[in-house]
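Quick notes on the structure that follows.
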């Protein structure tokens with residue numbers, strides 16, 4: 003009977019309307035969309051849903067995202083609910099195996115570890131799947147799981163190191179220019195990004211921000227950007243991965259955005 | 029007009045949803061609650077897209093009170109219209125066809141200037157639907173009128189694919205939901221097996237904002253008492269899977285409204301509304317309507333051509 007109630011979200015993936023194999027970027031996108039739909043000024047709600055209902059949906063959306071955006075929590079959630087989610091294991095592997103800028107030896111070592119991890123996880127997932135009702139997932143292999151989570155931390159550390167590593171030729175003049183800059187606009191951010199040898203795709207992977215928004219930020223295309231609160235978050239994240247002072251960069255960028263939006267009479 | 033039909037017959041009459049197993053054409057119906065949201069424009073240009081792709085297309089103006097699809101297609105006011113068909117001056121739908129300047133594309137015009145034509149009887153609706161076979165087309169596109177009259181709802185429901193156009197503004201969104209509510213309501217009332225839950229549906233539909241109680245909850249409620257009936261209800265609801273086109277978008281926020289509407293519709297109605305695409309605001313639309321020439325043919329370089337291209341591919345399920 004449960005399968006009939008399609009309107010009731012079955013799990014956090016349903017809440018964000020994403021598939022269980024969604025990449026972290028897709029999780030983020032689903033989150034933004036769901037939140038956008040239920041937010042107070044959403045036109046799409048007009049004449050249809052009341053405030054109380056929206057508030058409860060928003061808190062559900064937040065709850066879902068707080069779990070799914072964290073790879074470790076997501077994995078735990080998946081295995082507890084018997085959800086087959088290869089993405090949380092495979093995504094880093096898939097993302098990084100085709101990267102040309104990485105030094106080969108460290109990546110092969112790491113991917114070996116990941117591979118072992120994936121195999122193990124998928125085996126475990128399989129057993130959950132074959133007999134989901136007979137073995138309530140927790141008790142039987144809880145020891146195995148704690149060991150796994152310990153290993154996960156190590157793996158995600160390696161992944162994080164490689165994910166956020168920057169390799170570029172140091173240019174002292176430009177470094178100083180960055181150091182002294184107080185006003186950061188899209189063009190400067192783009193220049194810094196190119197100087198630090200990061201392409202848009204990689205920046206999008208690092209920040210989990212869609213390429214469209216990143217391009218809009220770099221082009222100062224304020225009209226095509228969402229509300230300042232979101233943009234601030236984006237720019238903050240972007241500055242962080244580019245090893246700039248995120249506070250300063252975000253404040254400066256938002257100041258310009260607000261200025262321009264005020265001038266052009268946009269909200 | 030035909031003889032009057034009493035009310036019981038009216039409500040018990042069920043339109044044929046499957047028009048014979050061996051029919052070879054597909055029906056797309058373009059609707060939406062409000063006037064001026066681009067229904068005729070979308071119908072005309074989707075027809076042109078299909079015709080250019082080599083399909084044999086008939087665009088049919090079912091906006092009986094205010095037909096102007098022919099204008100969007102750049103055809104002068106046709107001599108024979110659906111009024112002649114209803115008054116039996118013309119025996120076959122074939123005789124109503126007007127060839128447009130585009131190969132493979134003909135148009136059947138809605139009723140012209142005959143008062144009272146806007147309110148059709150079920151018999152007349154059924155007559156049109158069951159005689160579409162005469163037309164030998166690959167696609168028949170219905171351009172529906174504004175509002176939520178039974179005419180409009182029934183043609184929308186009987187189509188293989190319902191397409192809704194909407195503008196990113198409160199008035200249009202409000203009417204889109206009203207239209208969807210009406211479709212939902214009508215759909216369930218056309219299914220006699222669900223007679224038990226009609227009162228429940230009426231109640232949910234008439235609930236005021238903030239009362240809680242979404243149409244989507246009905247399935248869960250019914251399932252508690254009668255799982256078989258709930259399954260049947262879900263089946264009927266699943267068949268309402270309209271496509272959404274947002275017209276006249278100007279900003280990214282306008283584009284996002286479609287995504288939000290999809291999410292909200294699933295939550296509120298339990299309906300899967302597919303966000304098929306958007307059309308950007310473009311002043312050339314007015315120019316082409318003023319010139320009474322079809323937009324895609326008159327301005328092949330506008331961004332709208334790209335928009336329509338994406339939409340038609342998505343509607344046909346072709347990945348690009």
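Chains as they are written, first to last, in the working numbering: chain A, 3 to 269; chain B, 29 to 348. Beta carbons: idealized from backbone N, C-alpha and C, even for Gly. As the structure is a computational prediction, the values presented were derived from the model and not from experiment.
query = What is the C-beta distance between residue 87 of chain B and residue 169 of chain B, in whole angstroms, given that I count them as a contact (C-beta under 8 angstroms)?
reply = What you label residue 87 of chain B is simply residue 59 of the second chain in a count that begins at 1. What you label residue 169 of chain B is simply residue 141 of the second chain in a count that begins at 1. About 5 angstroms; that satisfies the 8 angstroms criterion.
key: Nearest-angstrom Cα separation, counted from residue 214 of chain B out to residue 267 of chain B   = Along the second chain, one-based indexing puts residue 267 of chain B at 239. Along the second chain, one-based indexing puts residue 214 of chain B at 186. Between residue 267 of chain B and residue 214 of chain B, the C-alpha separation is close to 13 angstroms.
inquiry  = Buried or exposed for residue 72 of chain B, going by 16 or more other Cβ atoms inside 10 Å?
reply    = The sequence position of residue 72 of chain B within the second chain is 44, counting from 1. Classification of residue 72 of chain B: buried, given that the 10 Å Cβ count is 16 or more.
key: Runs of alpha helix (DSSP H) wholly within the segment 258 to 327 of chain B (minimum 4 residues, chain order)   = 280 to 296, 312 to 319, 323 to 326
query = How many whole angstroms separate the CB atoms of residue 203 of chain A and residue 213 of chain A, which I take to be in contact at a CB cut-off of 8 angstroms?
reply = Counted from its first residue, the first chain places residue 203 of chain A at position 201. Counted from its first residue, the first chain places residue 213 of chain A at position 211. That pair is a contact at about 7 angstroms.
ask   = Would you say residue 288 of chain B reaches chain A, if we count a Cβ-Cβ gap shorter than 8 angstroms as a contact?
value = Mapped onto the second chain, residue 288 of chain B falls at position 260. Yes - at least one Cβ of chain A is within 8 angstroms of the one on residue 288 of chain B.
task = Could you list which residues in chain A have their beta carbon closer than 7 angstroms to that of residue 296 of chain B, in chain order?
result = Reading the second chain from its first residue, position 268 is the one you call residue 296 of chain B. In chain order: 50, 51.
Buried or exposed by the 16-neighbour rule on C-beta atoms within 10 Å, applied to residue 114 of chain B = Stepping through the second chain from its first residue, residue 114 of chain B is reached at position 86. With 16 or more other Cβ atoms from the protein chains shown falling within 10 Å of its own Cβ, residue 114 of chain B counts as buried.
query = Taking residue 71 of chain A as the reference, which of A/33, A/54, A/53 has the closest Cα?
reply = Here residue 71 of chain A refers to the residue found at position 69 of the first chain. The shortest C-alpha separation from residue 71 of chain A is found at A/33.
ask   = So what does DSSP say about residue 187 of chain B, is it helix, strand or coil?
value = Looking up residue 187 of chain B in the second chain gives position 159. Residue state, collapsed to three classes: coil.
task = Closer than 8 angstroms by beta-carbon distance: list the chain A residues that pair up with residue 221 of chain B, in chain order.
result = Residue 221 of chain B sits at position 193 when you count from the first residue of the second chain. Neighbours of residue 221 of chain B on chain A: none; closest Cβ ~16 angstroms, over 8 angstroms.
ask   = For residue 168 of chain A, which residues from the same chain have a beta carbon less than 6 angstroms from its beta carbon, with the 5 sequence-adjacent residues on both sides left out?
value = For the purposes of this step, residue 168 of chain A is taken as residue 166 along the first chain, with counting starting at 1. Excluding sequence neighbours, residue 168 of chain A sits near 198.
ask   = Nearest to residue 247 of chain B by alpha carbon, out of B/126, B/206, B/265?
value = For this step, residue 247 of chain B is matched to residue 219 along the second chain. Comparing Cα positions, the closest option is B/265.
inquiry  = Let's see if you can read the secondary structure: which residues bound the beta strand (DSSP E) around residue 135 of chain B?
reply    = Within the second chain, residue 135 of chain B is the residue found at index 107, counting from 1. Start and end: 133 to 136.
ask   = Which residues mark the beginning and the end of the alpha helix (DSSP H) in which residue 186 of chain A is found?
value = By 1-based counting over the first chain, the position of residue 186 of chain A is 184. Careful: residue 186 of chain A lies outside any alpha helix (DSSP H) and carries neither H nor E.
key: Whole-angstrom C-beta distance between residue 90 of chain B and residue 171 of chain B, which should lie under 8 angstroms   = Numbered from its first residue, the second chain carries residue 171 of chain B at position 143. Numbered from its first residue, the second chain carries residue 90 of chain B at position 62. Contact between residue 171 of chain B and residue 90 of chain B is confirmed by a C-beta separation of about 6 angstroms, below the 8 angstroms threshold.
task = Report the rounded CA-to-CA distance for residue 251 of chain A versus residue 177 of chain A, giving the unit in angstroms.
result = The residue given as residue 251 of chain A occupies position 249 in the first chain. The residue given as residue 177 of chain A occupies position 175 in the first chain. Distance between the alpha carbons of residue 251 of chain A and residue 177 of chain A: 15 angstroms.
query = Using a C-beta cutoff of 8 angstroms, does residue 104 of chain B count as contacting chain A?
reply = Here the question's residue 104 of chain B lines up with position 76 in the second chain. Not one chain A Cβ lies under 8 angstroms of residue 104 of chain B.
inquiry  = Can you pull the chain B neighbours of residue 64 of chain A, defined as C-beta to C-beta under 9 angstroms?
reply    = Walking along the first chain from the start, residue 64 of chain A turns up at place 62. Neighbours of residue 64 of chain A on chain B: none; closest Cβ ~15 angstroms, over 9 angstroms.
task = Name the one or two DSSP bridge partners that residue 157 of chain B has.
result = Within the second chain, numbered from 1, the residue matching residue 157 of chain B stands at position 129. Looking at the DSSP assignment, residue 157 of chain B forms no beta bridge with any residue, so it has no partner.
task = In angstroms with no decimal places, state the Cα-to-Cα distance between residue 36 of chain A and residue 124 of chain B.
result = The count along the first chain starts at 1 and reaches residue 36 of chain A at position 34. The count along the second chain starts at 1 and reaches residue 124 of chain B at position 96. About 48 angstroms.
ask   = Under the rule that 16 or more other beta-carbon atoms within 10 Å means buried, what is residue 262 of chain B, buried or exposed?
value = Against the second chain, residue 262 of chain B aligns to sequence position 234. So residue 262 of chain B counts as buried.
inquiry  = Counting only Cβ pairs nearer than 7 angstroms, list the residues of chain A close to residue 202 of chain B.
reply    = Working through the second chain from its first residue, we reach residue 202 of chain B at position 174. Think of a sphere of 7 angstroms around the beta carbon of residue 202 of chain B: the chain A residues whose beta carbon falls inside it are 48, 49, in chain order.
key: For residue 88 of chain B, the three-state DSSP class (helix, strand or coil)   = Residue numbering aside, residue 88 of chain B sits at position 60 when the second chain is read from its first letter. Here residue 88 of chain B sits in strand by DSSP.
message = Does any residue of chain A have a CB that is nearer than 8 angstroms to the CB of residue 312 of chain B?
response = Locating residue 312 of chain B in the second chain gives position 284, counting from the first residue. So, not an interface residue.
query = Roughly how many angstroms lie between the CA atoms of residue 204 of chain B and residue 272 of chain B, to the nearest whole one?
reply = For the purposes of this step, residue 204 of chain B is taken as residue 176 along the second chain, with counting starting at 1. For the purposes of this step, residue 272 of chain B is taken as residue 244 along the second chain, with counting starting at 1. Distance between the alpha carbons of residue 204 of chain B and residue 272 of chain B: 10 angstroms.
Span separating the alpha-carbon of residue 159 of chain B from that of residue 286 of chain B = Position 131 of the second chain, counted from the start, is the residue given in the question as residue 159 of chain B. Position 258 of the second chain, counted from the start, is the residue given in the question as residue 286 of chain B. Each residue's alpha carbon lies about 36 angstroms from the other.
key: Contact belief for residue 194 of chain B with residue 275 of chain B at Cβ below 8 angstroms, rounded distance in angstroms   = What you label residue 194 of chain B is simply residue 166 of the second chain in a count that begins at 1. What you label residue 275 of chain B is simply residue 247 of the second chain in a count that begins at 1. Residue 194 of chain B to residue 275 of chain B, Cβ: 7 angstroms. Contact.
ask   = Bridge partners of residue 127 of chain B, per DSSP?
value = By 1-based counting over the second chain, the position of residue 127 of chain B is 99. BP columns for residue 127 of chain B point to B/134.
query = By the 10 Å Cβ neighbour count, where 16 or more other Cβ atoms means buried, how is residue 166 of chain A classified, buried or exposed?
reply = Counting from 1 along the first chain, the entry for residue 166 of chain A is found at position 164. With fewer than 16 other Cβ atoms within 10 Å, it is exposed.
task = Give, in chain order, every residue of the segment 206 to 236 of chain B whose Cβ lies closer than 7 angstroms to some Cβ of chain A.
result = When CB distances to chain A are screened at a threshold of 7 angstroms, not a single residue of the segment 206 to 236 of chain B falls below it.
request  = Answer yes if the segment 217 to 235 of chain B comes into contact with the segment 72 to 87 of chain A, meaning at least three C-beta pairs across the two stretches below 8 angstroms, and no otherwise.
outcome  = Result no; under three Cβ-Cβ pairs closer than 8 angstroms.
request  = Compute the beta-carbon to beta-carbon distance between residue 195 of chain A and residue 244 of chain A, rounded to the nearest angstrom, for a pair I have assumed lies under 8 angstroms.
outcome  = Here residue 195 of chain A refers to the residue found at position 193 when the first chain is read from its first residue. Here residue 244 of chain A refers to the residue found at position 242 when the first chain is read from its first residue. About 6 angstroms; that satisfies the 8 angstroms criterion.
ask   = Would you say residue 284 of chain B reaches chain A, if we count a Cβ-Cβ gap shorter than 8 angstroms as a contact?
value = Position 256 of the second chain holds residue 284 of chain B. With a threshold of 8 angstroms between beta carbons, residue 284 of chain B makes contact with chain A.
inquiry  = Contact criterion: CB-CB distance below 8 angstroms. Does residue 280 of chain B meet it with respect to chain A?
reply    = Locating residue 280 of chain B in the second chain gives position 252, where the first residue counts as 1. Interface residue, yes.
Identity of the residue in A/190, A/234, A/193 nearest residue 211 of chain A by Cα = The residue labelled residue 211 of chain A in the question sits at position 209 within the first chain. Comparing Cα-Cα distances from residue 211 of chain A to each of A/190, A/234, A/193, the minimum goes to A/234.
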